[in-house]
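Structure, as structure tokens:
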Amino acid sequence: MDRKKVCKKSSAKKKMMSIELKREIIEKHEQDVRVVDLSRQYGRSTSMICSVLKRKESIKSVTPAKGLTIISKLRTTLHENMEKLLMVWVTEKQLQGDTLTQTIICEKARAIYGDLLQQTPQTSIDEASEESFKASRGWFENFKKRSGIHCVVRHGEAASSDMKAAEDYIKTFSDLIKAQGYISQQVFNCDETGLFWKKMPNRTYITAEEKMMPGHKPMKDRLTLALCANASGDCKIKPLLVYHSKPQSI
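Here the sequence shown is numbered in our numbering, starting from 7 and rising by one per residue.
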């Protein structure tokens, strides 16, 4: 019997409350319904009922956005400030060419939230959140929608290459070499490639503005190598290493 009671209590704590339900609780309390009775009626702990009543002014002022039927959590100024600072950080990291994964962004969100919470007056902490901010998967999905960040796959040069045209040119080039009388030792090829000096995931999150830029290519933390050799393979030019070029050197 005791186990069942514990299970009921724990499940009651996990139940989410919509803004509409919170307003209903506030209205009944203003009609002199006791906290204990509200707790029993709605199957919530007395501490949760008290938490709702403490925040009744901010809950009353919430206006659901168009098309939104249920709000389960109240977004506070603390959350909004955290997300604004997080977007500044995301933009800075993007400009530096760093890779941003969901885990990295969520960890930074928790850190920023913790810093802001420390700076919040003690009287405002209860209003900031019913429970500690966890930067959950659900929050991250909603943050993506609000901020416009997108997940992109990093591609190399091969992703945009015209493979059919390259295959067709092999015969054309071979005929040209024969017609001009060149030997394999005289035919050289020079091309550039990227040197990734540290391992990077193939996916990263970028801002909406960066995604919409024409000819988009995610920023990469890489160096550029110029390689050159002849067709016979007996003459290989020493590779040319180019650091981050502004403007592009090659």
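Cβ atoms here follow ideal geometry from the backbone N, Cα and C, with glycine treated the same way. Source: prediction; values computed, not measured.
For Leu106, no beta strand (DSSP E) encloses it, and the DSSP letter there is neither H nor E. Only residues of its own chain outside the window of five on either side were considered, and among them Leu84, His85, Met88, Phe139 and Ala141 have a CB closer than 8 angstroms to the CB of Tyr119, listed in chain order. A straight-line Cα-Cα distance of about 19 angstroms links Lys184 and Ala235.
Sequence-distant partners of Val39 (beyond 5 residues in either direction) whose C-beta falls short of 7 angstroms from its own C-beta are missing from its chain.
Counting only residues of its own chain and dropping the five nearest sequence neighbours on each side, Lys150 has no CB closer than 7 angstroms to any other CB.
Around the beta carbon of Leu44, a 10 Å sphere encloses 16 or more other beta carbons of the protein chains shown; the residue is thus reported as buried. Pairing Ser238 with Ser190 gives a Cβ-Cβ distance under 7 angstroms. In this structure, Lys114 sits near Trp95, with a CB-CB distance shorter than 7 angstroms.
With contacts defined by Cβ atoms closer than 7 angstroms, Leu231 and Pro245 form a contacting pair. Residue pairing for Asn148: DSSP places it in no beta bridge.
Classified as exposed, Tyr175 has fewer than 16 neighbouring CB atoms from the shown chains inside 10 Å of its CB. The beta carbon of Lys34 sits closer than 7 angstroms to the beta carbons of Leu44 from its chain, once the five residues preceding and following it are set aside; these are given in chain order. For Ile25, there is no enclosing beta strand (DSSP E); the enclosing alpha helix (DSSP H) covers residues Ile25 to Glu36. Counting along the chain, Cys241 sits inside no beta strand (DSSP E), nor does DSSP assign it H or E at all. As computed with DSSP, Asn87 is found in no beta bridge at all. Membership of Phe194 in the beta strand (DSSP E) is indicated by the continuous run Phe194 to Leu201.
Counting along the chain, the unbroken alpha helix (DSSP H) around Gln47 starts and ends at Val41 to Tyr48.
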